[in-house]
Amino acid sequence: MAVFNNNSHSDGGRPGCKIATVEPFLAVIMESLKPVRSIKCTGRLYTEYEDNVLRLLDNVSEEHQVDEVFAEPLIRVSDFNVSLGEKRFLDLAKREVDVNSDFLKVTVRFKDGSQQTDFHASISEIPDVAQRKETHNAPLNIMVLGLDRTSSAHFQRMVPKTYVYLKEQLDSVIFKSYSIVGENTAPALSAFLTGKSLAENCAFKEARKGFKNAGVVDEWPFIFKDLKTLGIPTMWSEDQPSIGAFHFRLKGFNEQPTDHYGRSLWWLYDGGLCKHSLAQYKLQLQYLKSFMKSYPGKRKFGFVFLSDLCHRTVNLLSGGDDGFVEFFESLKNNSLLNNTLFITMGDHGPYTYGVIRDSPQGKLEHRLPFLSLTFPAWFKRSYPVQMAALIRNSRIITSPFDLYKTMKHLLTFPKKTFVEMDTVGASLFESLPNDRACEDTGIPEFYCPCLSRMQSIDIAHTHVHQAVKVAVKHINDILISRPITAKL
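Residue 255 is where the sequence shown starts when you use my numbering, and the numbers rise one by one after that.
Shown next as structure tokens:
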């Protein structure tokens, strides 16, 4: 059941955007879901990797019969090819070995001849990146947790503990009218990371597979380029490389787009949802946390996008609820949110086809992905005007284009000194107009979730009569084939 909410605005001019409230726990949807328990992985890990040191875990003893441990760094050759670096053997007496790489394939061999392989991910700082001169005024890091196929309603029903933690413990701003700008992940991330639509970027530099003169997306105006110029370290990691936002229907990158780039890890990763005792999605979260701890004193941009946990089925996301809460608790307890804007975002809804997707609620839910923005308390106290505007804007129609403009604004905050290009969208730190419409924020009409365009008309109107005639004709066409029925 959908009802009109209060997320509508008008200043007396054109009508504001009205969006029907999506009921997350609608019976027909809940009956179709089978939430899973928290993902618990069996098996054992023998090593840990942090700060460029691979170590045996403290609980590994002689009884485990470990005979040999070595690590192979993962080296990016291209977006579609990864090589292994020179083996680094762990000294069993010292129980550790130094390795300089973000990603390791670790082999543990046992005295009975058996072996197991594991993968580790931890930031290995790049000297050239650490020494970049910073030329910005950004007060906060920007960290992003992206969730594939996660609408606002789906987030509430599948990870309720995380939703409550964001809302009550972190005082996050949860957006009520955040919309998609296209059918799948690529349009969302194109808008979010470049400020341009997928069509605009392809018109500038064609990158769609099968299209004439298609090439890689390197020349697209990714925000990473601006960040590098400003001296800001960057990281990006998607965990299903075969369906990556810029790889599934596009041709990917030639040059590595960010300073730290997770694609090499996930290209070789063969663990499924679990690799021995470590859940795959937790490996992603560990990598993000590692990046947040790296390059002390420098502003950073990090983005991990979870696909495997969210994309396999509509139910699996629930298995990460406890892990997400643990992750956010860890960030809070380690003061890693004290200088960070943390964005948690979906790209579109969970139902890409089927009966529910075809229903009014399913169509609307698909158009309203989850979005929350988490700020440190000191920032909210220091900038009450900007925060008041952002909170107000959370009830107005918004899109990934607005997030792009907001990130650009944050780089020169509180002033907005970047040059406004001919892109749609606006900084969320500035009050949006009451009569804002989809076209103002780059949302194509087909994907617009606003119901403002619907108007009541008199039943005597010619359009009503025409619609009734068409409906009656359709019913008669069905009835006429049945001899026991009469024509209306």
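Built from N, CA and C at the ideal position, the CB exists for glycine as well.
Item	Value
With DSSP as the reference, please indicate the residues paired to His514 in a beta bridge.	Met489
What separation, rounded to the nearest whole angstrom, lies between the Cα atoms of Asp312 and Val362?	15 Å
Where does Thr483 land, buried or exposed, given buried means 16+ other C-beta within 10 angstroms?	exposed
Spatial neighbours of Gly297 within its chain, please: C-beta separation below 7 Å, excluding the five flanking residues on both sides.	His530 and Ser531
With a 10 Å radius around its C-beta and 16 neighbouring C-beta atoms as the bar for buried, classify Thr671 as buried or exposed.	exposed
By the three-class DSSP mapping on this structure, what secondary structure does Tyr300 have?	coil
Between the Cα of Gln369 and those of Gln319, Glu388 and Ala407, spot the shortest distance and give me the residue it belongs to.	Gln319
Taking the alpha-carbon positions, what's the Thr439 to Leu401 distance?	10 Å
Roughly how many whole angstroms lie between the Cα atoms of Lys662 and Leu585?	24 Å
With a 10 Å radius around its C-beta and 16 neighbouring C-beta atoms as the bar for buried, classify Phe545 as buried or exposed.	buried
From the DSSP output, in three-state form, read off Asp305 for me.	coil
Determine the DSSP secondary structure at Arg440, reduced to helix, strand or coil.	Going by the sequence as given, residue 440 is Ala instead of Arg. The answer is helix: DSSP assigns Ala440 an H, G or I state.
Can you tell me which residues form a DSSP beta bridge with Ala375?	Phe357
Could you check if Met284 is buried or exposed, using at least 16 other CB atoms within 10 Å of its CB as the buried criterion?	exposed
For a test of the three-state rule: what should DSSP assign to Ala461, helix, strand or coil?	coil
Span of the alpha helix (DSSP H) holding Val579?	Asp575 to Asn587
Do Phe581 and Leu539 come within 8 Å of each other at the CB atom, strictly closer than that value?	yes
Check Thr275 in the structure and name its three-state DSSP category.	strand
Given that a residue counts as buried once 16 or more other Cβ atoms are within 10 Å of its Cβ, and exposed if not, what is Thr628?	buried
Look at the alpha carbon of Val276 and the alpha carbon of Val418, and state the distance between them as a whole number of angstroms.	18 Å
Excluding the 5 residues preceding and the 5 following Asp321 in the sequence, name in chain order all residues of the same chain whose CB lies nearer than 8 Å to its CB.	Arg363, Phe364 and Lys365
Could you pull the start and end residues of the beta strand (DSSP E) that Val678 belongs to?	Segment: none, Val678 is in no beta strand (DSSP E) and carries neither H nor E.
Between Asn593 and His717, what straight-line distance do the alpha-carbon atoms span, to the nearest angstrom?	57 Å
Would you report the Cα separation of Cys702 and Ala499, rounded to the nearest angstrom?	22 Å
Jot down the residue ranges of each uninterrupted alpha helix (DSSP H) in the segment 591-640, minimum 4 residues, whole runs only, in chain order.	609-612, 614-620 and 631-636
Name, in chain order, the residues that DSSP records as bridge partners for Lys397.	It is Met, not Lys, that sits at residue 397 in the sequence shown. Answer is Gly556 and Phe596.
My guess is that Phe478 and Pro511 are in contact by the Cβ rule of under 8 Å, so how many angstroms apart are they, rounded?	5 Å
Closest by CA to Arg291, which one among Ala721, Gly696 and Leu570?	Leu570
Bridge partners of Thr652, per DSSP?	Tyr432
Counting only the same chain and skipping the five closest in sequence on each side, list residues whose C-beta sits under 7 Å from that of Ser444.	Lys450, Ser451, Leu452 and Asn455
So Ser544 is in the alpha helix (DSSP H); what residue range does that whole segment cover?	Gln534 to Lys547
Select from Ile650, Leu591 and Arg635 the residue whose C-alpha is nearest the C-alpha of Gln423.	Leu591
Return the CA-CA distance between Glu699 and Leu622, expressed in angstroms with no decimal places.	14 Å
Assign His602 to buried or exposed, taking buried as 16 or more other Cβ atoms, counted over all protein chains shown, within 10 Å of its Cβ.	buried
Can you give me the C-alpha to C-alpha distance between Val609 and Asp562, rounded to a whole angstrom?	23 Å
How about Ser491 and Arg330: are their beta carbons less than 8 Å apart?	no
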